[in-house]
Amino acid sequence: MAQIKPEIETFAKIKVVGVGGGGNNAISRMVDSKIQGVEFIAINTDAQQLHFCKASHKLHIGKNLTRGLGAGMNSELGRQAAEENRDEIHDAVKSADMVFITCGMGGGTGTGAAPIIAEAAKDAGALTVGVVTKPFVFEGNQRMKIAQKGIMELKDRVDTLITIPNDKILQIIDRNITLNNAFAMVDDVLRQGVQGISDLITVPGIVNVDFADVRAIMQNAGSALMGVGRATGDDRAVTAAKAAVNSPLLEIAIDGAKGVLFNVCGGSDLTMTEINEAAKVITESIDPDAKVIFGAVVDEALKKGEIKITVIATGFDSDNVVRSEGVSRIVEHSKIVSPNDFRGSGFDFPNLRQETPGSEDDEDAIDIGTDMDTENSENVKQQSNGEPKSEPKQLKPQPKAFEPEVKAVDDNDTWDIPAFIRRKMK
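Heads up: the sequence shown runs through residues 16 to 441, numbered per my numbering.
Set out below in structure tokens:
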């Protein structure tokens, strides 16, 4: 039988391009995480930021335009900087089979340059995937508008786009977490979005997922969902699958997906029954005719008894509802927790809890307060100090919403009353 020499054996060539400040930070975090089988490229107009990035390949764009000082929330300047170095960008990505473009939207360089880089990657024939974040609401309307415009431009130029709103992170962090750690979590979300997909290709398995499988699901697919779930103990497969498809960081729901790829990773005790249970959870809400590809990996490096499930879903209808703030599905699946609690739900933020102020374990949850007004709060304080109690403020009863008052009527005089009220009277 013909033997393949290791030195000429071919693998899918994956390149990860971090654009702008957020993208460069995410690249550095990926390097620290020792993601294997990928090449890292950092692109920026800010020479200082680029200098500190840990990528092996760095490209300084727009030297003549910005003189190495950044684009300053001017996405048009970021676009022009990328155009100035389009040939160098093309050379950087031309040999790749798959290119990830990661950045924080809303700034100048990432927002403006990312679509140009995506064009170069697509022209080179690479499967092109964008993994980006949207700014926090407190960063202002102007930055959000810049981000939304940039996301639309990038979406038209990539095969698949995964968007993660930073505000979703506020739903799952401890209120006492430091500013540095909060933004480190933003960077790490980008890192895990890329690693969750690249590991499917680069890590061999019993039921292997190869580059062709990923391309079949993600090519020209538009918006995508990517989730990771981890669990141990009883029903670990079901728990991990639910965590993967219901992560509070996801902007879209899996409902109606026409392409799904999921990978189950566990120890030597991983069973076929568990894979079947996970598949039922993942596929119960997708399109009946969806293309489904699955893989299975035995990884003894996982914690004892742990199972990890990665899900990629694509092919959503144009009317697929984006998960907005306050949507019931977000509330249903995302409690307010500490980084330590969130670590077990798929997205992993190591070493953040130790740096979080506070000494009591039972103070992890965010205190959401009460409806008590200031005046009554003072009354409570006085009573607890042993001082004379003041009379509680008498509040005028308020009518309940959506409960119309129904007056007593004769049995023969009810036809002018709405039907839904008459039924209640019977």
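Each residue gets a CB set at the ideal place from its N, CA and C atoms; glycine is no exception.
C-beta contact flag for residue i and residue j at 7 Å
i	j	result
D270	S238	no
A141	V114	yes
G125	I161	no
K30	A97	no
M233	T329	yes
I267	L285	no
A256	V296	yes
N278	G310	yes
Q64	L80	no
G445	G93	The first residue shown for the chain is 16 and the last is 441, placing residue 445 beyond what the model contains.
V307	V218	no
C44	D189	Residue identity differs from the one stated: residue 44 is Arg in this sequence, not Cys. Their beta carbons are not under 7 Å apart, which means R44 does not touch D189 by this criterion.
P263	I187	yes
V46	K69	yes
I322	R251	yes
A236	T193	no
A272	F331	yes
G127	S90	yes
E99	P130	no
Residue i (DSSP reduced to helix, strand or coil)
i	result
I76	coil
I161	helix
G85	coil
I267	strand
A119	At residue 119 the sequence reads Gly, which differs from the Ala that was named. Strand, per DSSP.
N291	helix
G58	Reading the sequence as shown, one finds Ile at residue 58 and not Gly. Three-state result, I58: strand.
V34	strand
V222	strand
L285	coil
Q95	helix
T193	coil
E375	Confidence at E375 is low in this model, with a pLDDT of 41, below 50, so its placement is unreliable and the value that follows should be read with caution. Of the three classes helix, strand and coil, the one that applies to E375 here is coil, per DSSP.
A316	coil
K69	coil
Q186	coil
E134	helix
N100	coil
K273	coil
A305	coil
E154	helix
Of the residues the options, the one placed nearest residue i, counting alpha carbons only
i	options	result
I104	G123, G77, E91 and G85	G77
A41	A227, Q207, V296 and I267	Q207
I177	E134, N59 and T117	T117
H72	G87, E54, D61 and D314	E54
I86	P219, I56, V46 and G35	Inspection of the sequence shows that residue 86 is occupied by Ala rather than by Ile. Of the candidates P219, I56, V46 and G35, the one whose C-alpha sits nearest the C-alpha of A86 is G35.
I56	F198, L74 and A246	L74
V1	D182, I212, G211 and M287	The chain is shown from 16 up to 441; residue 1 falls before or after that span and cannot be answered.
R82	T60, D102 and D304	T60
A107	E91, A62, A135 and A129	A135
H451	F331, A128, G145 and N39	Residue 451 lies beyond the residue range present for the chain, which begins at 16 and ends at 441; the question has no answer from this structure.
L276	E289, L215 and T247	L215
E154	M88, N195, T298 and A199	M88
V146	L205, R158, M159 and A231	L205
P150	N191, K137 and A197	A197
V222	A62, L185, D249 and M287	M287
Q210	A27, G52 and F26	G52
T247	E289, L265 and A305	E289
A231	S48, N156 and A305	A305
K28	P303, D302, A227 and L265	A227
N261	T298, D249 and Q157	T298
I184	R245, I50, Q163 and L265	L265
Residues that residue i bridges to, as DSSP identifies them
i	result
M113	I29 and L142
I322	A246
V53	I29
N468	The chain is shown from 16 up to 441; residue 468 falls before or after that span and cannot be answered.
K149	P180
M241	I327
T175	V144 and G237
Chain D contact for residue i (CB, 7 Å cutoff)
i	result
S90	Among the protein chains of the structure shown there is no chain D, as only one such chain exists.
Whole-number beta carbon distance between residue j and residue i, since they are thought to touch under 8 Å
i	j	result
I179	T148	5 Å
L317	G282	6 Å
A293	V253	7 Å
C280	D225	With 8 Å as the limit, C280 and D225 do not qualify as a contact, their Cβ atoms being about 16 Å apart.
K109	A139	4 Å
I132	I58	7 Å
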